[in-house]
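K.L.:
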Amino acid sequence: MSQLKERLTLTDLLTRDDVLEGLATKDALLAHGVRLIHHFGVHGTSIGKLLDAANKSKSQFYFHFDDKDEFVCRVLELEMTTMLKMKRRFPLEKMEDLRSWFSPYIELGSLPGNLGCPVGPAATEMSPSNERVRAEARRQFERWETKIAEDLATLAKNERFDDSFCPRTVARNLACSIQGAFMFGRVFQDRDFIEGVRDNLIRELERLRP
256 MSQLKERLTL TDLLTRDDVL EGLATKDALL AHGVRLIHHF GVHGTSIGKL LDAANKSKSQ
316 FYFHFDDKDE FVCRVLELEM TTMLKMKRRF PLEKMEDLRS WFSPYIELGS LPGNLGCPVG
376 PAATEMSPSN ERVRAEARRQ FERWETKIAE DLATLAKNER FDDSFCPRTV ARNLACSIQG
436 AFMFGRVFQD RDFIEGVRDN LIRELERLRP
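In the working numbering, the protein residues as written are 256 to 465.
1. Can the beta-carbon of N369 be found less than 8 angstroms from the beta-carbon of Q434?
2. If you check the beta carbons only, do F449 and A436 fall under 8 angstroms apart?
3. Under 8 angstroms, with one C-beta from each stretch per pair, do the segment 308-315 and the segment 277-294 reach the 3-pair mark?
4. Can you tell me which of V388, S355 and K304 puts its alpha carbon nearest to the alpha carbon of F326?
5. Tell me, please, whether the segment 264-271 touches the segment 326-338 by the rule of three or more beta-carbon pairs shorter than 8 angstroms.
6. Check each candidate in R394, P373, R329 and R458 and name the one with the smallest Cα separation from Y360.
7. Quick one: grab the DSSP three-state call for F345.
8. Note down, in chain order, each residue of its chain lying with its Cβ closer than 6 angstroms to the Cβ of D406, except the 5 sequence neighbours on either side.
9. Any heavy atom of the ligand FAD closer than 7 angstroms to the CB of L284?
10. Give me the Cα-Cα distance between A390 and S384, rounded to the nearest whole angstrom.
11. Would you call the CB atoms of I403 and A426 closer than 8 angstroms?
12. Compute the Euclidean distance between the alpha carbons of C328 and V297, then round it to the nearest angstrom.
13. Tell me whether F357 is buried or exposed, calling it buried when 16 or more other Cβ atoms sit within 10 Å of its Cβ.
14. Which residue's Cα is closest to the Cα of A377: A411, V330, D272 and D307?
15. Helix, strand or coil, according to DSSP, for E276 in the structure here?
16. Write down every uninterrupted run of the alpha helix (DSSP H) in the segment 416-455 whose length is 4 residues or greater and which is fully enclosed by it, in chain order.
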């Protein structure tokens, strides 16, 4: 595991300049790529702009990545890995855990510019025009959805939800709602959307308790 993945959360990566210091070349390129793509999009982040930001050369870039598409795929992977790492800090074992479990999404929705999670916008920008990036984005979203479903299954078991509760279905719907809230938050510059998703989730799950 790279030094980058070991020590950073997604919010750290997006906001703290100090975490970009002292990284190996590949990690530095990926870290700067996450930040640039989050702000400017995939098409707005040229290899030249990336190299200027990371203070690296074109030969260093192509030593680690075949092309820009591969680089974008690895950025998506890093983004999801760091987001899931952040999520593991907040278990979901009882209803009282819901607010803290959801807090990483509130944190992302509160970033400067209300930029939210960087995975969704990058995936949307490239899909379906780029099959390679679309397939990678799907793989990363499935990792996230699986983690949500696992956490909801634990909650359902501990809280004795009705047998009709389907963690996988709820996870898919919740992931869609979260990404939609991030998009609206970007447009309207307001984190109320992501907070609304949290509040609706709490209300819906409260109804399932015996």
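Glycine included, C-beta positions come from ideal geometry on N, C-alpha and C. Keep in mind it's a predicted model, so treat the numbers as computed, not measured.
P.N.:
Reading off the structure:
1. Between N369 and Q434, the CB-CB gap reaches or exceeds 8 angstroms.
2. It should be noted that the sequence gives Ile, not Phe, for residue 449. Note that the C-beta distance between I449 and A436 is below 8 angstroms.
3. Contact holds: three or more Cβ-Cβ distances are below 8 angstroms.
4. With distances taken between Cα atoms, F326 lies closest to V388.
5. Yes, the segment 264-271 is in contact with the segment 326-338.
6. Y360 has its Cα closest to that of P373, out of R394, P373, R329 and R458.
7. F345: coil per DSSP, three-state reduction.
8. Around D406: L347.
9. Ligands in the displayed structure: none, and consequently the ligand FAD is not present.
10. Their backbone Cα atoms lie some 11 angstroms apart in a straight line.
11. Their beta carbons are under 8 angstroms apart, which means I403 touches A426 by this criterion.
12. Between C328 and V297, the C-alpha separation is close to 11 angstroms.
13. That one is buried.
14. Closest in C-alpha terms to A377, from the list A411, V330, D272 and D307, comes V330.
15. Note: E276 maps to coil in three-state DSSP.
16. As far as the segment 416-455 is concerned, its whole alpha helix (DSSP H) runs of at least 4 residues are 422-443.
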